[in-house]
Amino acid sequence: MEEEVVGSTSSSSSSSSSSKFPLTFWEVTAAGGVVLGFVVGLLGVYLTMPASDYSFLKLPRTLEDLQILRDHLESYTSDYTIQVLVGYCMVYIFMQTFMIPGTVFMSLLAGSLFGVLKGVALVVFAATAGASSCYFLSKLIGRPLVFSLWPDKMTFFQAQVAKRREGLLNYMLFLRVTPTLPNTFINVASPIVDVPYHIFFFATVIGLIPAAFVTVRAGIALGELRSMGDLYDFQSIATLFLIGLVSVTPTLMRKSKL
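Numbering-wise (the numbering used here), the sequence shown opens with residue 2 and increments by one.
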C-alpha cells in the first residue's frame, strides 16, 4: 500500500513538473538550432570586421547606449557597409524572432546611420523578416507557450480572426498600424489562430511602414531626443489610428451592405 502511494506521488510530481515546462525536447532543440544559426552568422560578420575594440557592441537599452553605439558605428558604416548591414539585420531579426524588447532602438539607429529612405527600407525588411521567422518558429513550437503566456489575449484574437475571415487582410493591417495589440504578440499568435502567411506577410510589410517612418525620422535627430516618450506625440498616434481606421473601412462597408 505504501509503495502504491509513493508511486502515485512520484508520478503526479513528475507530471506536474513536466506540465510546468510546455515544450518537448525536440522543440527546445529546434529553437536552440535557430539560436545557433544566428550566433554563427554574427560570428562570421565579426570575423570580417577589422581588428578593433568592440566593447561598445551591445543591445542598447537607453538613449545614452544608443548614442554611444551610433557614434562608434558611424566610422565603420562607410568602409564596411555590407558587414554593418548584415550584422544589423541579423540582430534585428534575432530580436524579433525571440521577442527580445528593444527593436525601437534599432529602428532609431537605422535612421541615424542611413537616413530616412534607406532607414525605412532597412527597418521594414528586417522587421518583416524577423516577424516571419517568429511566425514559423511559433507554428513549430509556439502553441503551448502562447496559451500559457497570454490566455485572455489569445481568446480575444482567435475570436476576432474567426469573425473577420472575409476581410482578414484589412484587420491585420489595422493591428499592424495601430497599437491595439503588441506586434510581438501578433507575430507569435497569428499561426496559432490560422492567419495565412501571405496575409500575415502583406499586412506586416505595408502596416509597419508608418511606424517605421516615424521612428526612423526621429533617429536622424537622435541627439535631440530626451526620452522615448518624445517619439510618439499625440499627432503621431492620432495619424497612426487614422491610417488604421482607413485600412478597415472596406471591411466595414462590406458588412453594412450585407
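Where is the CB? At the ideal position from N, CA and C, for every residue including glycine.
Which listed residue (the options) has its alpha carbon closest to that of residue i
i	options	result
L169	I193, L146, T185 and A204	A204
V217	Y172, L123 and L182	L123
I193	G112, R165 and P145	P145
L114	N188, A52 and Y81	Y81
V196	P211, L176 and V85	L176
F157	S191, L118 and F106	S191
A130	P180, F201 and R166	F201
A213	W151, Q159, S139 and A111	A111
E1	L141, V85, L109 and Q84	The structure shown does not extend to residue 1, since the chain spans only 2 to 259, so no value can be given for it.
I25	G143, A127, M107 and I83	Checking the sequence shown, residue 25 turns out to be Thr, not Ile. Among G143, A127, M107 and I83, the Cα nearest to that of T25 is on G143.
V105	E65, L74, P61 and V117	P61
T49	Q84, R71 and A32	Q84
M107	K59, S139, S79 and K154	K59
A127	V87, Q159, V189 and F148	V87
D153	I221, G33, T179 and F186	F186
V125	T63, L150, V215 and G34	V215
I221	F39, M155, L118 and S79	L118
Residue i, DSSP secondary structure in three states
i	result
A111	helix
P211	helix
T179	coil
D195	coil
K154	helix
M173	helix
E167	coil
T49	helix
G33	helix
D54	coil
R71	helix
L43	helix
P145	helix
L226	coil
T205	helix
V25	Checking the sequence, you will find Thr at residue 25 rather than Val. Correct three-state label for T25: coil.
V60	The question names Val, yet the displayed sequence has Leu at residue 60. Residue state, collapsed to three classes: coil.
F137	helix
Review point. Hey, is the region 87 to 105 in contact with the region 131 to 143, meaning 3+ C-beta pairs nearer than 8 Å?
Key: yes
Check your understanding: For the 8 Å Cβ check, are there 3 or more pairs between the region 51 to 66 and the region 209 to 216?
Key -> no
**Study point:** Complete alpha helix (DSSP H) runs within the region 73 to 118 (minimum length 4 residues, chain order)
**Key:** 82 to 98 and 104 to 115
Check your understanding: Would you call the region 38 to 53 and the region 80 to 95 in contact, with 3 or more CB pairs under 8 Å?
Key -> yes
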